[in-house]
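Visitor: Quick note on numbering that gives the first Met the number 0: the sequence shown kicks off at 0 and runs consecutively.
C-beta: ideal position from N, C-alpha, C; glycine also.
Source: prediction; values computed, not measured.
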Amino acid sequence: MRRLAAEGLGSFFLFATVIGSGIMAEKLSAGNDAVALLGNTMATGAMLFVLITMLGPISGAHMNPAVSLVAASRGELSWRDAAAYIAAQLAFGLLGAWVAHLMFDLPALQYSVKARTGAGQWLGEAIATFGLILTILGTVRYRPTAVAASVALYITAAYWFTSSTSFANPAITIARSLSNTFAGIAPHDVPQFIIAQLLGAACAALVCKALFDDSTAERGGRGKD
Numbered sequence: 000m001r002r003l004a005a006e007g008l009g010s011f012f013l014f015a016t017v018i019g020s021g022i023m024a025e026k027l028s029a030g031n032d033a034v035a036l037l038g039n040t041m042a043t044g045a046m047l048f049v050l051i052t053m054l055g056p057i058s059g060a061h062m063n064p065a066v067s068l069v070a071a072s073r074g075e076l077s078w079r080d081a082a083a084y085i086a087a088q089l090a091f092g093l094l095g096a097w098v099a100h101l102m103f104d105l106p107a108l109q110y111s112v113k114a115r116t117g118a119g120q121w122l123g124e125a126i127a128t129f130g131l132i133l134t135i136l137g138t139v140r141y142r143p144t145a146v147a148a149s150v151a152l153y154i155t156a157a158y159w160f161t162s163s164t165s166f167a168n169p170a171i172t173i174a175r176s177l178s179n180t181f182a183g184i185a186p187h188d189v190p191q192f193i194i195a196q197l198l199g200a201a202c203a204a205l206v207c208k209a210l211f212d213d214s215t216a217e218r219g220g221r222g223k224d
């Protein structure tokens with residue numbers, strides 16, 4: 000229950016930050032999308048660092064179904080626990096999105112009309128999620144104390160180098176479809192985003208197994224001797 004509480008609390012604050020900072024950034028940017036995205040990026044990266052530092056020792060601070068599924072596929076989390084994690088991430092993340100709306104005097108329940116579609120954006124989501132999983136597993140393997148900083152910095156960069164602005168999270172994609180704000184995505188564009196995210200995560204899991212598992216690392220080390 001402590002782990003589920005940590006996942007729920009983390010998802011609540013992360014999703015509220017993504018959506019709330021997008022609303023605030025749009026209000027203050029006077030129509031300048033670049034400035035709005037910069038504000039959204041800085042808030043998200045900062046909150047990720049805080050949440051992973053605080054909650055990582057309890058649950059791993061996944062806050063992302065793609066991360067939980069990869070952990071289960073690697074035997075680091077049971078499939079039953081992964082399902083519970085995902086339920087907590089989605090339920091509390093949606094609550095965070097609705098609270099963000101209420102804080103800015105917007106209707107709690109709404110649907111986005113912002114179109115985000117096309118091969119370029121799907122590729123952007125696959126790359127964003129691939130890089131996120133690579134960052135997490137590589138840093139956990141070689142520099143575990145730097146996971147919070149690595150993930151926060153990766154997402155900060157990925158907001159800008161990917162065409163999709165790096166959702167890289169199936170649960171937050173669903174939540175953002177229920178927010179007709181700066182961070183929104185039209186509900187009919189969600190399935191393709193989630194498919195791209197899961198494909199990116201699966202590819203990253205395979206690459207990480209080759210790069211970072213103990214037997215591969217040992218062979219690579221011997222080859223350099």
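#1: Assess contact between the segment 135–143 and the segment 92–102, defined as three or more Cβ pairs (one per stretch) separated by less than 8 Å. Is contact present?
#2: For H187, which three-state DSSP category applies?
#3: Have a look at F211 and Q109 and give me their C-alpha separation to the nearest angstrom.
#4: Please classify H187 as buried or exposed, where buried requires at least 16 neighbouring CB atoms within 10 angstroms.
#5: Please report the distance separating the alpha-carbon of A127 from that of R79.
#6: What is the rounded straight-line gap between the Cα of A145 and the Cα of L152?
#7: Within the same chain, show all residues whose beta-carbon is closer than 8 Å to that of V189, passing over the 5 residues directly before and after it, in chain order.
#8: Could you pull out every residue in the same chain whose Cβ sits closer than 6 Å to the Cβ of A4, ignoring the five residues on either side in sequence?
#9: Among C202, Q196 and T164, which has the Cα closest to the Cα of N63?
#10: Applying the criterion that 16 or more other CB atoms from any shown protein chain within 10 Å of the CB defines a buried residue, is R218 buried or exposed?
#11: Which runs of the alpha helix (DSSP H) at least 4 residues long sit entirely within the segment 14–77? Give them in chain order.
#12: Distance check for G183 and K113, CA to CA, integer angstroms please.
#13: Is the beta carbon of A204 sitting closer than 8 Å to the one on I132?
#14: Are at least three pairs of beta-carbons, each pair with one atom in the segment 154–165 and one in the segment 71–86, less than 8 Å apart?
#15: Expressed to the nearest angstrom, what Euclidean distance is found between the alpha-carbon atoms of S67 and R1?
#16: Taking just the CA atoms, how far does M23 sit from A200?
#17: In chain order, what residues of the same chain lie with their CB nearer than 7 Å to the CB of F48, ignoring the 5 residues before and after it?
#18: Can you round the beta-carbon distance between L13 and M46 to whole angstroms, since I take them to be within the 8 Å contact cut?
#19: Work out the CA separation of I18 and G92 for me, nearest whole Å.
Guide: The structure says:
#1: no
#2: helix
#3: 43 Å
#4: exposed
#5: 26 Å
#6: 11 Å
#7: T172, I173 and S176
#8: none
#9: Q196
#10: Caution applies to R218, whose pLDDT of 45 falls short of 50 and renders its modelled position unreliable; the model cannot decide the point.
#11: 32–58 and 64–72
#12: 6 Å
#13: yes
#14: no
#15: 16 Å
#16: 31 Å
#17: A147, A148 and A151
#18: 6 Å
#19: 11 Å
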